[in-house]
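Below is one structure, written out as structure tokens; the observations come after it.
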Amino acid sequence: MDKLKKILRGLTDKIYNFYFFHWRPLWIFFLVGIGILNFELVKIFPPPQKDLRNYIQEIYLGFIAFSIPFLWNVYNRIIEMQNQSVGVKIETILNREFYKKADELFYIVFLIPFTIFLLGGLAFSYWLSHLLTWTILFISFFFILFSTKFYQGIKKRSSISLENFIIESQICQDLVTIFEELLQKTDENIGKDFNLHPVKLMNLFTQKIEEVIQKEKDQKFIQDLLLIFQNNFENRLLWGLTTSNFWRKFLEWHLKICRNLSSYYTNYINTFIRIQDIFHVSLKKILTEKSSEYYLFLDAFIKHINAYKEEKFSIDGQSKFYIYVFLTDFCNIFFEEVNKSPHCHTIWKTIPYEWKVTSQNLKSTNPIPRFMLDIFLNWAQIRIFNAREEELDKDLEDVARELFPETEPILWATILIFLVHSYSLKEVTEKVKSVIEKPWTFGYIGRVMNYTEEHDEVINYIYSKQYQQQIEGTIKLLKTINFFADTFSKENLEIYLKTIETLKEEYKRDEKKLGKLKRLKVMLETIKGFNNEEMGS
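Just so we're aligned, residue 1 is where the sequence shown starts under the working numbering, counting upward by one.
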């Protein structure tokens, strides 16, 4: 029985949809068909005689007398919905949509059939064949009999759920208004107030932007939607964003908009800025919240970057690597915020080793380690150069240790400090003193080494071996980075070391500066020692 009902319901829907989309040609075909059929039937079944025609017309008048108040009442109910559709709230927008549909259906389902069957039958029964007259009268009777069912059908088909309205609507101001009211609520309240699951909401939001993301004429609507989302981002739960399609599609939007950035003056530029802003707030929230959703976000981001590492786009004639632009955004926030994360001790493990800066990775065809090095140096030199006090920069300390996994952190930090503070000085002899005079804010913590052995001799041997590997890794990295070569040439190293000897007397009463001088000497002698080994081999 249920199966039969389902089949009948499906058949009814098909008939209704066919009628709704083709009602004009159907009625024209019907009237033309009646006219042609009547031409043949009137010979066999002549029109009713006058007395019978008067009787039939009285029946039609009775039908009309019954129908007019009913139709008027139905139309007044529809007009009431129009009066309730003024405003910019979700309820009024849905009422407005109900009125538009109900008004159209009223004419198609009620008024046109009523006019054709009842008024048409009344006016033309004098020339219609006897058979057609009674047929139309019989159809009119059933039309009146089931008119309440027709009304219920109109009401049902005119009503629209919030979810269906969003799905069916083209992107427009009403849609922007609806999303604004929804996104202003927390994910918990959206479910309570609108019976809409947060994941479903994000899928709908994503779907509507996805439909028009590359259409230049709709960029203003997209920018409005993205701004609303950004302004209400704190109302979103991370699990809703990761469980829905939003994050994956968001990364694709970033790429699509970049591909359309042919100029800084296109409609896409503001969309790109909105996407950047959302990425910034998303990444900060991911890094600072206690939930483990960060893994899903970073995993999707890493896959996206790996998939498009050769992608380029051109803006105002300048060619840019897509991932360099995106990684710069990512790193500038990640480096600043990662230490604030409750997962700061594990989050670096999600960053692929192939992305990190090692001598081997820099020699590979993968451009990501080279980009990561460049972004880090731009970020680090600002912090190193602008340091005003001898305070530990924990962010810089940890990033330098994690991003360069094969280095000895203290030696590597000393190299970076020397390079940054001495870079702008032309006189080689001035470089050492300049570096000593500036604050040093990192390079105080080595790597933690774990041992399974209990004997001190074995532990010391393992430690010594691992430490030596880190020193070698640091020097290999330094030599791989070609633009450091001039700074640490054989001639310059000799001058630096001689300068250090002359400065010992000057700094002998200042323990901090003398300590820096000793660290600098160790760093320079280590580099010189490896240079000599290479020459000997």
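Idealized CB from N, CA, C, for every residue including glycine.
Remember, it's a predicted structure, so these values are computed and weren't measured experimentally.
State the Cα-Cα distance for the pair residue i and residue j, rounded to the nearest angstrom.
i	j	result
Phe146	Gly62	16 Å
Val420	Phe229	41 Å
Glu408	Arg401	8 Å
Gly443	Ile275	36 Å
Ala380	Cys258	27 Å
Leu524	Asp510	21 Å
Lys512	Glu354	38 Å
Val86	Glu163	Summary for Val86: the model assigns pLDDT 49, below 50, so the residue's position carries little reliability; its value from the coordinates is reported in the next sentence. So the alpha carbons of these two residues sit roughly 21 Å apart.
Ile15	Arg24	15 Å
Gln470	Trp253	41 Å
Lys438	Leu514	13 Å
Asn531	Val448	28 Å
Val522	Lys340	33 Å
Lys508	Asn306	52 Å
Phe484	Pro369	17 Å
Asn270	Asn482	38 Å
Lys518	Asn361	32 Å
Asn332	Val325	11 Å
Leu31	Ile116	9 Å
Lys465	Ile351	26 Å
Lys100	Asp174	14 Å
Arg236	Pro367	35 Å
Glu390	Lys516	12 Å
Phe371	Lys433	32 Å
Tyr151	His130	31 Å
Trp127	Glu58	16 Å
Arg77	Phe142	23 Å
Lys349	Thr243	22 Å
Tyr423	Ala387	16 Å
Ser537	Lys431	Confidence in Ser537 is poor, its pLDDT being 41 and thus under 50, which makes the residue's placement unreliable; the coordinate value appears in the next sentence. When rounded, the distance between both Cα atoms is 31 Å.
Tyr467	His345	22 Å
Leu377	Leu227	32 Å
In its own chain, which residues sit with a C-beta less than 8 Å from the C-beta of residue i, not counting the 5 before and 5 after it?
i	result
Thr429	Ile495 and Thr499
Asn260	Gln214, Glu216, Thr266 and Tyr268
Phe165	Ile93, Leu94, Glu97 and Ile178
By Cβ distance below 7 Å, which residues in the same chain neighbour residue i in space, the five residues on each side in sequence not counted?
i	result
Leu584	Examination of residue 584 is not possible in this model, given that the chain is present from 1 through 537 alone.
Leu241	Met202 and Trp247
Ile190	Leu182, Leu196, Pro198 and Leu201
Lys89	Glu181
Lys185	Asp193 and Asn235
Ser319	Lys312
Would you say residue i and residue j are within 8 Å of each other, going by their C-beta atoms?
i	j	result
Phe330	Leu283	yes
Ile167	Leu204	yes
Val338	Leu287	yes
Thr480	Ser359	yes
Val435	Ile415	no
Ile36	Pro48	no
Ala441	Ile375	Sequence inspection shows Thr at residue 441; the Ala mentioned does not correspond to that position. Going by C-beta atoms, Thr441 is not nearer than 8 Å to Ile375.
Lys528	Leu493	yes
Arg53	Ser125	yes
Phe29	Val74	no
Glu211	Ile154	no
Ile112	Trp27	yes
Ile347	Tyr264	no
Leu137	Ile34	no
Val399	Phe335	yes
Ile108	Phe18	no
Contact check, residue i vs residue j under 8 Å by CB: the rounded distance?
i	j	result
Asp224	Val176	5 Å
Ile323	Lys309	5 Å
Thr502	Leu411	Incorrect: roughly 23 Å between the Cβ atoms, too far for contact.
Spatial neighbours of residue i within its chain, please: C-beta separation below 6 Å, excluding the five flanking residues on both sides.
i	result
Thr474	Thr407, Glu408, Leu411 and Trp412
- Query: Which residue spans inside the region 84-161 form an unbroken alpha helix (DSSP H) run of at least 4?
  - Reply: Runs of the alpha helix (DSSP H) spanning 4 or more residues and lying entirely within the region 84-161 occur at 90-105, 120-124, 130-145 and 147-158, in chain order.
- beta strand (DSSP E) runs wholly inside the region 308-379, at least 3 long, in chain order: For the region 308-379, the full-length beta strand (DSSP E) segments reaching 3 residues or more read 312-315 and 318-321 along the chain.
- Complete runs of the alpha helix (DSSP H) confined to the region 248-288 [at least 4 residues]: Contiguous alpha helix (DSSP H) elements confined to the region 248-288 occur at 268-288, taking only those with 4 or more residues.
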